[in-house]
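**Q** Residue numbers (this note's numbering): 13 to 71.
Below, the structure is given as structure tokens:
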């Protein structure tokens, strides 16, 4: 059992994959929280942008 734990502690590839997975999960949660908090602002901004582009193309 000790030998197995010693081998696993030297294997950094699994730990690196787990760390990247955790970072990705934290990033997803942060982005989702930002969209939930500022959703109305994003919707308003995209609507104004779409209107401005449409007006510019039609004129």
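In this text, a Cβ means the ideal position worked out from N, Cα and C, and glycines have one as well.
(1) To which residues of the same chain is residue 54 closer than 8 Å at the C-beta, ignoring the five residues directly before and after it?
(2) Please confirm whether any heavy atom of the ligand FMN lies closer than 7 Å to the CB of residue 53.
(3) Three-state secondary structure (DSSP) at residue 70?
**A** On the basis of the data shown:
(1) On the chain shown, residue 54 is found 42 positions in, with the first residue counted as 1. Correct list, in chain order: 47.
(2) Absent from the structure shown: the ligand FMN. Ligands present: none.
(3) Counted from its first residue, the chain shown places residue 70 at position 58. Of the three classes helix, strand and coil, the one that applies to residue 70 here is helix, per DSSP.
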